[in-house]
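Engineer: Just dropping this structure here.
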Ligand code: GLU
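Numbering (the working numbering), first residue to last: 77 to 540.
This is the structure:
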């Protein structure tokens with residue numbers, strides 16, 4: 077038994093973008109399956125025809141892809157499986173675990189009025205003399221005892237069966253209900269573990285009744301508490317970003333989002349920073365907490381900074397390319413790419429987000445003549461231009477390494493009787509046109525000899 081392959085699924089309703097909570101649910105299912113050599117399936121719950129759109133499906137798939145979550149096989153459309161759902165309802169009818177109900181909406185409303193606070197009890201449950209008119213199919217649910225779920229996160233949860241009505245599984249127009257569709261799909265897809273938001277817990281009582289009626293084994297259920305905002309209230313637009321695409325646009329790389337989202341409601345000791353291999357090894361259901369996790373942007377920044385620092389240069393460059401294209405900014409030219417690539421080792425330790433990294437790399441993106449901001453231009457006077465001129469001459473023939481450049485700059489500063497800072501300020505201005513930049517020597521090595529000297533000469537020529 078224990079070697080049964082794990083199968084998980086993510087089952088979004090395509091009615092909008094991929095919410096951060098949905099992304100986390102997908103991630104948990106992906107980690108659980110991938111850590112156990114299992115399968116991670118995708119099912120689009122598009123039975124609500126009025127609200128489902130192909131654009132929303134596209135946006136969800138795109139979000140999952142951005143996050144780096146790959147699924148097995150093609151995404152399954154729940155709507156396209158409606159004949160199968162209806163067939164199961166008919167089988168239940170034949171088995172006697174469901175029955176035909178001829179009550180009209182008016183009759184049901186009248187019954188409810190006469191029996192307040194009671195779940196509807198159809199007069200057709202045990203009827204034998206059936207009319208020839210449209211009917212819905214209802215589950216013959218147990219009336220005594222309790223329905224109990226052993227939830228991997230919530231523990232044992234139970235409801236008295238007299239609190240649940242005989243739910244409709246096939247409407248009188250022949251369409252299956254959502255509750256039936258979910259169960260049939262989970263069974264047919266071989267889903268072994270259903271990991272989803274705890275807003276679905278009450279549905280689960282209904283769903284297990286269908287599993288039981290069909291004699292199908294129940295999957296393991298794990299209902300995870302929803303994500304809250306920093307103030308402890310249910311996450312909503314007023315907390316800021318809630319769509320995964322909004323987090324992407326803020327410049328958190330996918331690897332960082334995976335790490336951060338994994339920790340949102342799940343923990344492994346005190347481990348805060350980890351990579352995918354560790355997450356796959358460690359992720360388990362007992363590590364999921366029962367209290368709602370709070371979205372914490374400070375923590376996210378910290379995690380993001382760690383991942384940017386730890387990423388291979390090529391991956392980071394690719395993440396920057398994606399970020400620029402996502403935000404509609406022009407792609408890097410080859411020259412910009414080369415310079416940014418050369419600068420990355422020095423820059424990536426300090427940036428917490430991709431826009432911060434781009435800001436640090438601005439000196440590598442701009443072209444000559446370097447435009448000066450007001451503060452930078454203040455450090456360029458006749459004296460400092462003279463020093464730059466001496467420096468230009470001094471570095472003409474040194475080998476273009478950080479150490480050599482720094483040595484040359486120190487000598488020039490010394491000869492002029494000033495500290496290195498006094499030389500660094502105009503040098504920084506000449507190279508970058510502003511006062512906050514990476515180290516001047518890192519900029520010079522990233523720009524290369526020719527471009528650095530040209531930028532210096534642009535300023536020294538002005539010295540007249
Ligand atoms: N379609 C449901 C949703 O988007 C998920 C249902 C499930 O996971 O069973 O909330």
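Note that the Cβ used here is the ideal one computed from N, Cα and C, for glycine as well.
Using the Cα positions of residue 181 and residue 107, report the straight-line distance between them to the nearest angstrom.
Structural biologist: 45 Å
Engineer: Where does the unbroken alpha helix (DSSP H) through residue 334 begin, and where does it stop?
Structural biologist: 330–339
Engineer: Have a look at 330, 367, 415 and flag the residue whose alpha-carbon is nearest the alpha-carbon of residue 391.
Structural biologist: 330
Engineer: From residue 251 to residue 166, what does the alpha carbon distance come to, in whole angstroms?
Structural biologist: 12 Å
Engineer: List the residues that DSSP assigns as beta-bridge partners of residue 226.
Structural biologist: 232
Engineer: Measure the Cβ-Cβ separation of residue 481 and residue 474 and say whether it is below 8 Å.
Structural biologist: With respect to the 8 Å criterion, residue 481 and residue 474 are classified as neighbours on the basis of their beta carbons.
Engineer: With 16 as the cutoff for other CB atoms within 10 Å, does residue 503 come out buried or exposed?
Structural biologist: buried
Engineer: Can we count residue 299 as close to the ligand GLU, meaning its CB is less than 7 Å from some heavy atom?
Structural biologist: no
Engineer: Skipping 5 residues on each side, what residues in its chain have a beta carbon closer than 6 Å to that of residue 332?
Structural biologist: 379, 380, 383
Engineer: Roughly how many whole angstroms lie between the Cα atoms of residue 337 and residue 444?
Structural biologist: Between the alpha carbons of residue 337 and residue 444 lies a gap of roughly 42 Å.
Engineer: Apart from the five residues just before and just after residue 224, which ones in its own chain have a Cβ nearer than 7 Å to its Cβ?
Structural biologist: Excluding residues up to 5 positions away in sequence, 232, 234 lie with their Cβ nearer than 7 Å to the Cβ of residue 224 in the same chain.
Engineer: In terms of DSSP beta bridges, what is residue 303 paired with?
Structural biologist: Beta-bridge analysis with DSSP links residue 303 to 369.
Engineer: From this set, 520, 217, 434, 508, which residue's C-alpha is nearest residue 452's C-alpha?
Structural biologist: 508
Engineer: May I ask you to list the residues that DSSP assigns as paired with residue 84?
Structural biologist: Residue pairing from DSSP places residue 84 in a beta bridge opposite 116, 269.
Engineer: Kindly provide the ranges of any alpha helix (DSSP H) runs that are 4 or more residues long and lie completely inside the segment 117–162, ordered along the chain.
Structural biologist: 130–143
Engineer: So which of 350, 246, 396, 420 has the shortest CA-CA distance to residue 161?
Structural biologist: 246
Engineer: When you compare only the Cα positions, how much space is there between residue 115 and residue 483?
Structural biologist: 58 Å
Engineer: Out of 403, 260, 169, state which residue places its alpha-carbon closest to the alpha-carbon of residue 119.
Structural biologist: If we check each option's Cα against that of residue 119, 260 comes out closest.
Engineer: Let me make sure I understand the geometry here. Which of 312, 500, 356 has the alpha-carbon closest to that of residue 520?
Structural biologist: 500
Engineer: Would you mind reading off the limits of the beta strand (DSSP E) that contains residue 212?
Structural biologist: 212–215
Engineer: Relative to the C-alpha of residue 418, which residue among 178, 439, 400 is closest?
Structural biologist: 439
Engineer: Output needed for residue 325: all residues of its chain with C-beta closer than 7 Å, excluding positions within five of it in sequence on either side, in chain order.
Structural biologist: Excluding sequence neighbours, residue 325 sits near 402, 403.
Engineer: Quick check: the segment 272–287 against the segment 310–327, are there 3 or more CB pairs under 8 Å?
Structural biologist: no
Engineer: Thinking residue 227 and residue 297 are a contact (beta carbons under 8 Å), I'd like their distance in whole angstroms, please.
Structural biologist: 5 Å
Engineer: What is the rounded straight-line gap between the Cα of residue 526 and the Cα of residue 412?
Structural biologist: 15 Å
Engineer: Can residue 88 be considered in contact with the ligand GLU, in the sense that its beta carbon sits closer than 7 Å to one or more heavy atoms?
Structural biologist: yes
Engineer: What residue range does the alpha helix (DSSP H) around residue 440 cover?
Structural biologist: 438–441
Engineer: Could you check where the alpha helix (DSSP H) with residue 93 kicks off and where it finishes?
Structural biologist: No alpha helix (DSSP H) holds residue 93; DSSP gives it neither H nor E.
Engineer: Can you round the beta-carbon distance between residue 90 and residue 152 to whole angstroms, since I take them to be within the 8 Å contact cut?
Structural biologist: Not a contact, Cβ separation roughly 12 Å.
Engineer: Name, in chain order, the residues that DSSP records as bridge partners for residue 350.
Structural biologist: Answer by DSSP bridge pairing: none, since residue 350 is not bridged.
Engineer: In the DSSP assignment, what are the bridge partners of residue 319?
Structural biologist: 95
Engineer: With residue 289 as the anchor, note down where its beta strand (DSSP E) starts and where it stops.
Structural biologist: Unbroken run through residue 289 is the alpha helix (DSSP H), 277–290; no beta strand (DSSP E).
Engineer: With DSSP as the reference, identify every bridge partner of residue 176, one or two as the case may be.
Structural biologist: 213
Engineer: Please state the DSSP three-state secondary structure of residue 540.
Structural biologist: Residue placement at residue 540 is flagged as unreliable, the pLDDT there being 46, under the threshold of 50; a coordinate-derived value is accordingly withheld.
Engineer: Return helix, strand or coil for residue 408, following the three-state DSSP convention.
Structural biologist: coil
Engineer: Got a sec: does the ligand GLU put a non-hydrogen atom nearer than 7 Å to the Cβ of residue 158?
Structural biologist: Placement of the Cβ of residue 158 at a distance of 7 Å or more from every heavy atom of the ligand GLU is found.
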